[in-house]
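Peer 1: Chains as they are written, first to last, in the numbering used here: chain V, 317 to 683; chain W, 36 to 339; chain S, 556 to 736; chain B, 148 to 343; chain H, 626 to 1223. Note that beta-carbon positions come from the ideal geometry of N, C-alpha and C, so glycine has one too. As the structure is a computational prediction, the values presented were derived from the model and not from experiment.
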Amino acid sequence: MREKETTIYLGPQHPGITGNMMVKLKVAGDTIVKAETHVGYLHRAFEKLMEQRTWTQSFPIVCRICVPEPDPNEENLARAIEEIEGREVPERAKYIRVMVLELARLATYGLWMGGQSGSMGLYTMPQWTIGDRDYILDLFEELTGGRVYHMYIWAGGVRRDLPEGFTDRVLKTLDYLENRLPDYDNLLFNNALFQKRAQGVGIIPKDKAIEWGVVGPPLRGSGIKHDVRIDEPYEVYDKLNFIVPTSDGCDVWSRALVRRQEYEQSISIIRQVIEKMPKGDYYNKIPNPLTWQVPPGEAYVKTESARGEFGYYVVSDGSIKPRRVHVRGPAYVHGVSLLEKILVGANIADVSFIMNSLGTCPPEIER
Amino acid sequence: MDINWLKVLGIIITPIIAFIVGVAYGGIVRNITARVQNRFGPPVVQNFWDIIKLYSKKTTVSHGWMHHLAPVFAITASVTTLYFIPVLRDSKLFANLSFSGDLIFLLYIMVFGSLGMALGVGQSGNPNAAIGVSRGLSMMVGYEIPFVLALVAIMIQFHTTSLNDLLAVQDKFTNWIIFQSPIAFIAAILAFLGMMGYAPFDVVIAPAEIASGPPSEFGGKYLGLMQTSRSIFTFAKLVLFTDIFLGGAGDFGTLIVKTFLLYMIPVLTGIVNPRFRTEQAIRFFWKWPTVFGVIAILAVVMKG
Amino acid sequence: MTYDKNSKKIVDIIQNFARKHSLWILAYGTGCGAIEVPPTMTSRYDGERFGLRGAATPRQADVLLITGYLATKTLKRVIRTYEQMQSPKYVIGFGSCTINGGMYWDSYNTIKALDRYLPVDVYINGCMPRPESVISGFIKLQQLISEGKANGAEKYQKNLEWYRENQKKVIHNWKMPDYNW
Amino acid sequence: MHIQDCTENTCVDQIQKIFHTAEVEIQRKKRVKVKLRLDLVPLFLSYARDYLNFKHLAHISCVDWIEENEFELIFMLWSYEASLMIMVKTRVNREKPEFITLSHLWPQAETYEREIHEMYGINFKGNERLGEFILEDWEGVPPMRRDFDTIKYSKENFYQRPGREDAQDVRETISKHSGEEVPDFAKEFSIRRIEE
Amino acid sequence: MAFDIKGVLAPFSALKQGTKPPHTVRYPKEKKETAARYRGLHFNDLEECIGCGTCATICQNAAIDMIHVDGFETNSGDSGLRPRVDNGRCCWCALCVDVCPTGSLNLTKDYVYVSEDPDSFLWMPGVDNPEGKENLSFQSAEGKPLLEYERIPMHELEGTERVKSFAEVLLGYNEEEARKEAARCVGCSICTDICPVHMHIPEYINAIANGDDEAAVKIIYDNNPLGETCGKVCTRRCETVCAIGHRGEPIAIRWLKGYATSTVNNADLIEKIVNPEILPPNGHSVGIIGAGPSGLTAAYYLSLRGFNVTIYESKSHAGGMIMYGIPKYRLPLDSIDKQVEYMEKMGVKIKYNTKVGKDITLEEMKQHHEAILIGIGFEVPYELGLVGENEEGSIQAVNFLRNINSDRHVEIGDKVVVIGGGNVAIDAARVSRRLGADVTILYRRRVEDMPADWEEIEGAEDEGVHIHPQAIPLEIILDENKKVKALKYANAEMIPDPEGGRPRPKIIEGDEHIIEVTSVIGAIGQSADYNFIPEDIKNQIEIKRGRIIVNEDQQTNVPWLFASGDIANRRADAISAIADGYRAVKGIEKFILKSENK
């Protein structure tokens, strides 16, 4: 017997939707028969706007592409320009960049833990993690002058040197975050109910994961050990020791475990960075930003963001403005085609849950 | 006809007290939750402002007359439930309408509100609300079974279907039914978790899944009515459980302490747990609580 | 409390007091400013101290946060959402984008001046406004409510045609998938 | 051929052996650039996927070279085994831009194609979901084309808040003060803010 | 499935957090101090700001407008405008801060602004928050400047190398250096106000930056036909007000001009590139006395406007002081010839070796021409007023330089003293060095008071010229052959001027010295020779301190008589002369066309 199918529009105004998008669901009983994502509610035409702006003017714009984690955007654009131009980046700047990227990863995972728990009604967790994330934002504020939008990494290095005593405060915050981990574990990761909810839900089969274009923690949650930081080390990741955690469950639970372990890895990476950071210059100055011309060329650079491979394809035609900047956000594949696939057969209660586990980020889908 | 003025007065002030205590509890719960969440939380009277605000809102939505009736059903059910529960032991003022078969009657009347809601919500055509209602009804099926089993066990054990009789049995501390019949209490308290609608059994109003479930289409005064009814109903359920298992209360002080402690069980569970999916929740109720309920009955029967 | 017959009735005062201390925010992340709403509402800044609380559906909400830019596609939904909300209802514009287009001033897909399309009660400066700013915005809104000045909803009713005309200039097609909320 | 130790050079050799007309070059470490005729691209992509083991389609991008009246399509393939990326580049005529869909090779290609179709107007034959994707009720030139002027569009369609008309141009203020007459051919060379 | 008792109970341990004090920041009761670098609202130091508008140019949101603020007027070095930020646009990226050339624009720690009025978000930094100065947070001084404050160094000959010949000292920028240097410009145009000619500086610099040298030449020739000369010897007041110069080295405007104009190496090429519009002859005729910079400029633009122009030049070459007054190592003569050749192509007629007053009178000229422009320059040197001044071994710098440039031999011996502190003095000193002499400059005041360009002074020092400041010559001592033998001078101290003027030198009694010299070169200033002007006209025109008083059209009290160059302005440099010439064109045009309409 086939149950009667109803259509449910999840979003764009819906508390369970991350950001601003819509999932159109065909539901039979509690089971989803067909899912269709509708995006474009946040389309601001970044790529078009960047064609109107000079290279330096593009930097304040790109960080708005992904709101929870803006730094990979800045880093990517900076590195793409550096690659086209052949500009050297001082070693210290590279270390600072890694520190910023990893702090951003911690902040994003804090947000993710909150979102993942909030989507299943554990409201204590977001209160904790998002509150604790604020300490990372305080660090960012001290380092860059902005809480969320940093405008810190730019072509040639970073914008300002570390303030006095900054690394000590980073270490202190890291200690605090590490001390909070047992609490997080007790509340979320050891919680029998979370395991029950998460296991066997939102399956991305191992043999399909690469073919579907899955990247980042979802890929590693499907037992495939790939990470841009290892595959194509950028900045100074090749000089740091860290492991890339994987888990074989292919479900929401194993993705959560992967992220949980990466959280610890990030803390350890930042500690190594602080230990190894050389003294010296932090910025290889670009010419006058009003007349700065980047020689013709193209580059595809990528970063391992908290959600996976974050790629920028940048083309220059030798003028003061970019010819084309194409942003390949991890959520682009995750949030549209992948979500449509793995929602089929899921329970309607799990939509938001699965979306969170993929790290869907609408502003980065439509840009 | 001889009018018992004392009873009339009781009928008038009982809901008012229930409302005030229920809403105040809501405020305190928000504060306790806030503390666990490392923050200060709203003022204790916050829920009063919320309800006053809701009543002062203009309401322009309509989805037919059943839609209007739903909150009325809800508040009727909760007030009626309250009327059949003796709030204070041996108090003429708060004896209310309890009668010899009231326990059985309560089992029915408590369901009434949800059914009324279901009818009203069905009119609105909002799928979220509809799913919420169907979840609510399934949940009810889930937790009613262990609850009924527990009550049946007690009814058999004490040979009564009257709350006043049960109160009379628990004349001293050691005679509280929680001690006399602990297995039935376990079954009942697990069902109680489901009844109160806190996590992990808050699938009905799960915001991230189905907006806010049944009340999705209700705003302003309707929502105010529903909040009122919810507050009264919460208090009613707490008093009911206090009466059945904790020996009732002779004065308001004891009542507040007992009900508050009882209330903390679902609240604290809710703070630290995520919610079950519907079928998981039902499976849960039909597993452990039901087993305890059956054991309770078996124990009573075998003893008797 | 002095009771002045000419200015306000005591009921109004109580109502306004309750309204300003119970502002339920619609959970609708219309733009990137939504990223500063969770910190505002969670433990570090705890917006609940002011009676702020999330509301899941427009029917239950009092405040609509326009958290930054509005793409025309979202504007359509936001207007519908706004109209579903029960008055008294308030709109807070977050950051530069709602005032004069912000950094998307030359984008082909975002509106520039929000007050042409929806009545806005309070604007908050910033890009993005940090939690303290957001809280200041709410305090300002509370102040306006108690003064009886936060009457965006009435303004919208009164000038509905003007608003509609502006909305239609941007939204060419009012057809929308049938959202059943 | 499954090449575990596929390097840039072996990759280039392998491609040149099979596709004689392809222009292959090593752009830098881990990047191999392949320029191909349009009609060879689908063949090449399935070859790269199935024989060279470039399983991960990272990206499909499009660049508008309006001066040459062509669109450039760029496909980025990544091989997890070899940690190597191939950039496949091809040109499409701008007048009647058409290509075929790749969604049979990679399901997520469908999404990229939907976006490129919407933003550039390139028709991907075989993709059934082309149509409205990000934009809504869009009429006229696809917005990412170079000939679409977003500033003009934005000025015409969106209300801009008044109150800034008293702004003065530094150049004009100074030349008015000094009596300098700037000829038009000189004005072209002024560093001015982006067109307001 | 086993019952996970730990998993059920573990979460409850979270409840113990309830006993800890909350970490909430109770805003607004308690405020968290923002970071030292926080990017809040703008603050602009109105006094420091020069209104260059670079902040407005870099703002990708078009959020910054330049607004006129009362109390700040347009004048040299300040546009009189101040930035206003539209907070409905701003994204607080602080690019404007990092790019601000003066460092006046910074961000503060304040960030809260809430209003119900969307029109109230226009923010005038510094005017709206005068208290912001105490609250600065994100400052440009902290980081590396976004602009380039260091000038691309110019290649020049080594000092020891230079004195061996008259080869040009500055080697000029090559293409790459010029592009790099030009790219430093922010295009604010503040320099154009102080430039006497008001050349289109930002435009031609940006043309160079864009690699379009020909456009740059065309723009330069728009109001300066002696661009190449200016590119080598201009006094470049533009560079003193350059926005970049506030915190760094100003753009090398002169050298860039020199680079652009030197890319065209013959008159035909100039004609091809500049390709000016020439109006058909209008039948009017103008006579110009003196082919100096002002005369040439006037002649060039008048002929472009269709006038029939004749220049009467007393010498055999055109150029005036730039031809005969500036040594070759600064301005090669073929460069002037090239520019004059181009002008002659454009229809300027020059009658060489024709001295007005001797070969032709002013009255005769008046019969041929409707208007006459006098551009004779200062050629008569002031006398030193010392005993023995007119004897052998004592030379006037102007004559000395003229003779050298005319390839005549001048015997100065091996020990030369130059008296004076102007450019002419330095030129004379440096030329003397090149002739192999040991040179000392005596100047009355301090080195920083010298009117000569600092570069010239430095150049002279590099070449081994001794500069002896605060020395007042007293007497030239002659030997028995009435030849200069030594110079007696006294050291001086500076005493402040009671009327507030610049300090004056006062001889220290008794501190007198004598140095032996072979030549004394006087360079304390020049004046003009007005003898060719008939008395009746001379009575009508007003001559004050050796200069003819003119109105803003360079017109004298005699309507048909115009004056320009050194005789009409006090600045006495080439660029002012060119500016005079350019103004005279307009004046003459106005005068002639007005009388025609009558």
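1) Any C-beta of chain B within less than 8 Å: which residues of the region 666 to 678 of chain S qualify?
2) Does I306 of chain W come within less than 7 Å of chain V when only Cβ atoms are used?
3) Quick check: P406 of chain V and G596 of chain V, are their CB atoms within less than 7 Å of each other?
4) Consider the Cβ of T297 of chain B: report whether some Cβ of chain V lies at a distance smaller than 7 Å.
5) Compare the Cα-Cα distances from I279 of chain W to each of W:S251, W:R310, W:F320, W:S197 and report the closest residue.
6) Could you tell me the boundaries of the beta strand (DSSP E) in which W579 of chain S lies?
7) Where are the beta strand (DSSP E) runs, 3 residues long or more, that stay fully inside the region 460 to 522 of chain V, in chain order?
8) Please determine, among H:D711, H:T1181, H:R1059, H:E1073, the residue with the shortest C-alpha to C-alpha distance to M1119 of chain H.
9) What span of residues does the beta strand (DSSP E) with I55 of chain W cover, start to end?
10) Within the 7 Å Cβ cut-off, does R643 of chain H reach chain W?
11) Ordered along the chain, which non-local residues of its own chain (more than five positions away) have a Cβ less than 7 Å from that of Y233 of chain W?
12) Going along the chain, which unbroken runs of the alpha helix (DSSP H) with 4 or more residues stay wholly within the region 550 to 604 of chain V?
13) So R707 of chain H is in the beta strand (DSSP E); what residue range does that whole segment cover?
14) Looking at chain V, which residues of the region 806 to 825 of chain H have a Cβ within less than 9 Å of any of its Cβ atoms?
15) Among S:K631, S:V646, S:I679, S:P686, which residue has its Cα nearest to the Cα of D284 of chain B?
16) Could one say the Cβ of I658 of chain V lies closer than 7 Å to chain W's Cβ atoms, at least one of them?
17) Identify the residues that DSSP records as bridge partners of D1063 of chain H: which are they?
18) Report the residues of the region 54 to 81 of chain W with a CB closer than 7 Å to any CB of chain V, ordered along the chain.
19) Between the region 248 to 261 of chain B and chain V, which residues of the former have a C-beta closer than 7 Å to a C-beta of the latter?
20) Going by the DSSP bridge assignment, what does E1118 of chain H pair with across the sheet?
21) Using beta carbons (cut-off 7 Å, strictly below), is A616 of chain S in contact with chain C?
22) Is S701 of chain H helix, strand or coil when you go by DSSP?
23) Do you know whose CA, among V:S635, V:R639, V:G645, lies nearest Y628 of chain V's CA?
24) According to DSSP, Y652 of chain H sits in a beta bridge with which residue or residues?
25) Compute the distance between the beta-carbons of I400 of chain V and V474 of chain V, then report whether it is under 7 Å.
26) Let's see if you can read the secondary structure: which residues bound the beta strand (DSSP E) around K976 of chain H?
27) Under the DSSP definition of a beta bridge, which residues are partnered with N1028 of chain H?
28) Looking only at its own chain, which residues have a Cβ that is under 6 Å from the Cβ of G920 of chain H, when we skip the five neighbours before and after it?
29) Can you confirm whether S325 of chain B, when its beta carbon is compared against all beta carbons of chain H, has any partner nearer than 7 Å?
30) Output needed for R241 of chain B: all residues of its chain with C-beta closer than 6 Å, excluding positions within five of it in sequence on either side, in chain order.
31) List the residues of chain H whose Cβ lies closer than 8 Å to the Cβ of L275 of chain W, in chain order.
32) Just to make sure I have the definition right: I need the residues of chain V whose C-beta is within less than 7 Å of the C-beta of T636 of chain S. Which are they?
33) Just to confirm the assignment, what range does the beta strand (DSSP E) spanning P638 of chain V have?
34) Pick out whichever of W:L297, W:T313, W:M337 has its Cα sitting closest to the Cα of N663 of chain V.
35) With DSSP run on the structure shown, which of helix, strand or coil describes T888 of chain H?
36) Does chain H have any CB closer than 7 Å to the CB of I321 of chain B?
Peer 2: The short version:
1) Hits within the stretch, in order: I666, K667, A668, R671.
2) Contacts with chain V at 7 Å (Cβ-Cβ) include I306 of chain W.
3) For P406 of chain V and G596 of chain V, yes; Cβs fall inside 7 Å.
4) Chain V contact via Cβ: present.
5) The option with the nearest alpha carbon to I279 of chain W is W:S197.
6) Per DSSP, the continuous beta strand (DSSP E) segment holding W579 of chain S begins and ends at 578 to 581.
7) Here no run is fully enclosed.
8) That would be H:E1073, whose Cα lies nearest to the Cα of M1119 of chain H.
9) First-last for I55 of chain W: 40 to 71, but that is the alpha helix (DSSP H), not the beta strand (DSSP E).
10) Before going on, a small fix: residue 643 of chain H reads as Gly here, not Arg. G643 of chain H counts as touching chain W.
11) Closer than 7 Å at Cβ, skipping near neighbours: P301, V302, T304, G305.
12) Segments of the alpha helix (DSSP H) lying fully in the region 550 to 604 of chain V: 568 to 592.
13) 706 to 711 is the extent of the beta strand (DSSP E) around R707 of chain H.
14) So the close ones are A807, A808, R809, C810, V811, G812.
15) Of S:K631, S:V646, S:I679, S:P686, the residue nearest in Cα terms is S:K631.
16) No, I658 of chain V does not count as interfacial toward chain W.
17) In the DSSP output, where bridge partners are listed per residue, D1063 of chain H has H:K1040.
18) For the region 54 to 81 of chain W, the set of positions with a beta-carbon nearer than 7 Å to some beta-carbon of chain V reads V71, Q72, N73, R74 in chain order.
19) Those would be W253, P254, Q255, E257, T258, in chain order.
20) In DSSP, E1118 of chain H forms a bridge with H:K1131.
21) Absent from the structure is chain C; the protein chains it does hold are V, W, S, B and H.
22) Coil at S701 of chain H, not helix or strand.
23) When each option's Cα is compared against that of Y628 of chain V, the closest is V:G645.
24) Per DSSP, Y652 of chain H has no beta-bridge partner at all.
25) Between I400 of chain V and V474 of chain V, the C-beta gap is not smaller than 7 Å, which leaves the two residues out of contact.
26) Unbroken beta strand (DSSP E) run through K976 of chain H: 974 to 976.
27) In DSSP, N1028 of chain H forms no bridge with anything.
28) Excluding positions up to five away in sequence, the list reads I913, I936, G1000.
29) In terms of beta-carbon proximity, S325 of chain B lines the interface with chain H, with at least one pair separated by less than 7 Å.
30) The beta carbon of R241 of chain B is closer than 6 Å to those of N216, E217, F218 in its chain, skipping five residues each way along the sequence.
31) Those within 8 Å of L275 of chain W in chain H number zero; the least Cβ separation is about 26 Å.
32) Ordered by position in chain V, the residues that pass the 7 Å Cβ test against T636 of chain S are Q329.
33) Counting along the chain, the beta strand (DSSP E) containing P638 of chain V begins and ends at 638 to 644.
34) Relative to N663 of chain V, the option among W:L297, W:T313, W:M337 whose CA is nearest is W:T313.
35) Here T888 of chain H sits in coil by DSSP.
36) Yes, its Cβ sits closer than 7 Å to a Cβ of chain H.
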